[in-house]
Structures are given as structure tokens and as C-alpha cells.
Amino acid sequence: MEKLPLGLVLDLRKVVPYKTGSWRTLMPANLTQMPPCTNTCPAGNDVRGFLRTLAEKKDYEQAWHVLTRTNPLPATIGRVCPHPCEGGCNRRDFDTAVAINSAERCVGDYGLEKNLGHKKLIAARKEKVVVVGSGPAGLSCAFHLAKRGFKVKIFEAAGEPGGMMRYGIPSYRLPNYILKKEIDAILNLGIDLECNVKVGVNIPMDQLTGTYDAVFLGLGAQQGVAIDVPGNNAKNVFTGVDFLKQVNNGKWVEVGKDVVVIGGGNTAMDCARVAKRLGANVSVVYRRTRTEMPAITAEIDEAMEERIMFRYHTNPVKIITDEGRVVGLLCVQMELKEPDASGRARPVPISGSESVIPADTVIMATGQAVDYDGIDVQ
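Under UniProt numbering, residue 378 is the last one in the sequence shown; the count climbs by one each step, no gaps.
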């Protein structure tokens, strides 16, 4: 009988490699991680949860309850959110992202139609909390506190609650009755709301800290920032925020024949489209290209569909006036250089490229700031 060797020496040069990779011999590892759609949602919505409820159970009421665990304003946010969740959707790697934003709006509208209400999670507590501001941050804070039994009081400086949702978003994007119904549902948790009270002016901050167990400041960036150019204080020169507030308050703003909007963000798009609805010819000037515009792509597309003119590589130098009233905007052409701190291409003026754009109204939608008047935030 032939003796078998105690060991074998393999010639590695004759080994057939695994052409499909060594992973074929491995077992899958199941990891519990947050879905990327939820991870990219600022509110932390359970996107997978509410979509699965819709798809598998066809239960809109339960889907509404899943959504409102984190966001009490699904019908409102479903209309105005830039939906970063869709940017994180894994489905994009296959064909296109799930229409999460549209589904949220649908579920939110269902909740309004059926008058669905929020329920408290625990019994009442003795602690009292005051919320300053009734924008999305203030309302969400009050909502979660009230559901957990806290006694909540909201002070709002404006005549109606909602913050920038009420005064900064045009009604064609967010009808006021939608916002009002969702706010009423939040207040029905027993939240006390007092409007026309500006903390730091009508009531001192010290009084709040001495009366309540905690204070939440949800002031919002409701103060428009004007660009520093000659003529910025002329008649019919507005910041974007002030222009939208006046229109949303029901005031007719006489903008004239030609309106120039400065800026490339969502506020600029809102201002341009509102001015168009007031009957004006509207131009948007932006110092970079469309690629660098921070506005939502859909907002830019819709503005272009409404025949709003976009003037790229254009930067304002001076607002031209006649007897204190706007008659034009002096601009200079820009060329893009290496990126600046924001990561976008740095615009540089081109010498001798100045030109005048006719204008009866100039709207500066170039930034917003928080109004801390009377409040020491240190």
C-alpha cells in the first residue's frame, strides 16, 4: 500500500484564484444603523417608519402619528422643506429618490382633513417652561414639552403665531389656513399663547427667568440684512424679509414696472416670484452662476418658468435714485476665481464692465439675522 504523505506542499503558482472575490465565503453582517434618509432629516423624522406604514398597511392615520412623533407640522413642512432626506435616499443609487417630501405633505393633509389630534405621553408635571417665539423651533419645542406634561407658555412678538412660516413664506407656497390648523392642533395640548409681546421690550428677560423653570429662545432670523451700497436707504428699497412680511400682512406694495432682486437663495426666489405676481418685470442679479446658487433647484426652475430674468456674474455697486426714489441699479460684471472659505468660486469685479439695470424697486435678499433687541444672550 502506498504511504500517504504527512503533509502536502502546494504550488501556489497553480492555484486557481477566486475570480469573484473572497467575499463569497463570508457571512453577511447585519448592522443596526440609522437610515440615511432619517440621518439627513433635520427633524430626525422616522422616514422609513412612516413610508413602510403607507406601503404595507395603507394606514394614513398611523403614518401621521409616526411622523408627528418628531415633527408636529407635516402638512406645512411638506410644502416648504428643501427635503435633504431625498438627497440621502439609497434609492438614488438604483433610479431616483423616493418622493419623501410629497408623501409627508400627503400624510399631513390627511391629518388636517380628519382633524387628527396629538396626545400627551405622560401626566402633568409641576415644572413651567416659557418659549420665546412661535416659529418652527418654538412650536416644536412647546409641542414636545407639552406632550411630556410640562406647562408651556409661548410669547410671540408678532400679531399671529408661525414666525417666518407665517410672515416669510408666500401664500402660494404655504396657504395660511394650512399653517393655522397645524398650529391650533399643537396649542390644543394645553399650550398658552400670547401674541404682540416682544420679550426684552414689553416684558423683561429677568421676569421670565425668575418665573419659569426654563426659558427657550426660538427667535428666528427675522431681521433682513441690507447690502452696504450707496442708495440702500432710498424709497422702494426693501430687504427680502421686510418685503415678504408686508405682502403676507395683506399690504399692497407698489413695486412699479421693473423690480430687481439681489441674491441667490430661497428668499430671493420668493421675493422675485411675489413681485412677479404684483405685475412687475423681475430680474434676479447674482454674482456667481446658477451652479453656486444656494436656492433649491425646484425654486429656481419655477422662477424661470415664470419668465423671471436671471443675470449671473452680476454684482450691485450703487442704487441710483432720483429725488429719493429708485430709478436703477448700477452693477459690475464678475469673473470667478479660486474658491473662497465657503467652497464656492470667488467672484472678482471686471474693470470697466459697469452697466445700469432699470428698476423701480430693489429688493435685497442677501441674508438674515436674529434680532436680540433687549435680550442679553451672553
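Every residue, glycine too, gets a C-beta built ideally from N, C-alpha and C.
Sub-8 Å separation of residue i and residue j beta-carbons
{"i": "Gly-44", "j": "Thr-53", "result": "no"}
{"i": "Pro-161", "j": "Cys-195", "result": "yes"}
{"i": "Thr-366", "j": "Ile-262", "result": "yes"}
{"i": "Lys-151", "j": "Lys-120", "result": "no"}
{"i": "Asn-232", "j": "Asp-360", "result": "no"}
{"i": "Met-334", "j": "Val-348", "result": "yes"}
{"i": "Arg-79", "j": "Asp-46", "result": "no"}
{"i": "Tyr-110", "j": "Tyr-177", "result": "no"}
{"i": "Pro-136", "j": "Gly-163", "result": "yes"}
{"i": "Pro-72", "j": "Ile-186", "result": "yes"}
{"i": "Thr-267", "j": "Arg-287", "result": "no"}
{"i": "Asp-373", "j": "Gly-224", "result": "no"}
{"i": "Val-130", "j": "Cys-141", "result": "no"}
{"i": "Glu-156", "j": "Val-197", "result": "yes"}
{"i": "Val-285", "j": "Pro-316", "result": "yes"}
{"i": "Ala-280", "j": "Gly-256", "result": "yes"}
{"i": "Gly-190", "j": "Ala-123", "result": "no"}
{"i": "Val-241", "j": "Val-247", "result": "no"}
{"i": "Gln-222", "j": "Asp-371", "result": "yes"}
{"i": "Tyr-312", "j": "Arg-344", "result": "no"}
{"i": "Val-332", "j": "Glu-354", "result": "yes"}
Rounded C-alpha distance that separates residue i from residue j
{"i": "Val-229", "j": "Met-293", "result": "22 Å"}
{"i": "Phe-310", "j": "Phe-50", "result": "39 Å"}
{"i": "Arg-277", "j": "Glu-182", "result": "27 Å"}
{"i": "Leu-179", "j": "Arg-346", "result": "39 Å"}
{"i": "Arg-148", "j": "Leu-217", "result": "19 Å"}
{"i": "Leu-139", "j": "Gln-62", "result": "22 Å"}
{"i": "Ala-272", "j": "Val-282", "result": "6 Å"}
{"i": "Pro-358", "j": "Leu-329", "result": "6 Å"}
{"i": "Ala-234", "j": "Leu-219", "result": "28 Å"}
{"i": "Met-34", "j": "Gly-88", "result": "11 Å"}
{"i": "Gly-265", "j": "Ala-369", "result": "15 Å"}
{"i": "Thr-321", "j": "Lys-245", "result": "24 Å"}
{"i": "Pro-339", "j": "Thr-40", "result": "26 Å"}
{"i": "Asn-249", "j": "Asn-115", "result": "27 Å"}
{"i": "Met-269", "j": "Val-327", "result": "22 Å"}
{"i": "Phe-238", "j": "Cys-85", "result": "33 Å"}
{"i": "residue 386", "j": "Pro-36", "result": "As shown, the chain starts at 1 and ends at 378. That puts residue 386 outside it, with no answer to give."}
{"i": "Pro-82", "j": "Ser-102", "result": "11 Å"}
{"i": "Gly-108", "j": "Thr-25", "result": "47 Å"}
{"i": "Thr-209", "j": "Asn-202", "result": "15 Å"}
{"i": "Asp-213", "j": "Ala-275", "result": "45 Å"}
{"i": "Ser-351", "j": "Glu-113", "result": "59 Å"}
{"i": "Arg-48", "j": "His-65", "result": "14 Å"}
{"i": "Ile-77", "j": "Glu-305", "result": "24 Å"}
{"i": "Glu-56", "j": "Ile-227", "result": "52 Å"}
{"i": "Val-260", "j": "Lys-58", "result": "48 Å"}
{"i": "Leu-67", "j": "Glu-323", "result": "55 Å"}
{"i": "Met-165", "j": "Phe-143", "result": "16 Å"}
{"i": "Asp-184", "j": "Ser-342", "result": "40 Å"}
{"i": "Phe-243", "j": "Ala-29", "result": "55 Å"}
Status (buried if at least 16 other CB within 10 Å, exposed otherwise) for residue i
{"i": "Lys-251", "result": "exposed"}
{"i": "Gln-207", "result": "exposed"}
{"i": "Ala-75", "result": "buried"}
{"i": "Pro-42", "result": "exposed"}
{"i": "Ile-308", "result": "buried"}
{"i": "Asn-188", "result": "exposed"}
{"i": "Arg-325", "result": "exposed"}
{"i": "Leu-193", "result": "buried"}
{"i": "Ser-134", "result": "buried"}
{"i": "Leu-31", "result": "exposed"}
{"i": "Met-27", "result": "exposed"}
{"i": "Val-362", "result": "buried"}
{"i": "Ile-319", "result": "buried"}
{"i": "Arg-92", "result": "exposed"}
{"i": "Glu-104", "result": "buried"}
{"i": "Thr-297", "result": "exposed"}
{"i": "Gly-159", "result": "exposed"}
{"i": "Arg-125", "result": "exposed"}
{"i": "Asp-258", "result": "buried"}
| Completely contained beta strand (DSSP E) runs for the segment 261-323, where each covers 3 or more residues | 281-285, 309-311, 314-322
| query | What are the complete alpha helix (DSSP H) segments, minimum 4 residues, inside the segment 151-201? | reply | 164-167, 176-187
| request: Please determine if the segment 90-105 and the segment 160-174 are in contact, where contact requires at least 3 C-beta pairs separated by less than 8 Å. | output: no
| field | Segments assigned beta strand (DSSP E), at least 3 residues, entirely inside the segment 54-110 | value | none
| message | Which runs of the beta strand (DSSP E) at least 3 residues long sit entirely within the segment 213-258? Give them in chain order. | response | 214-217, 237-239
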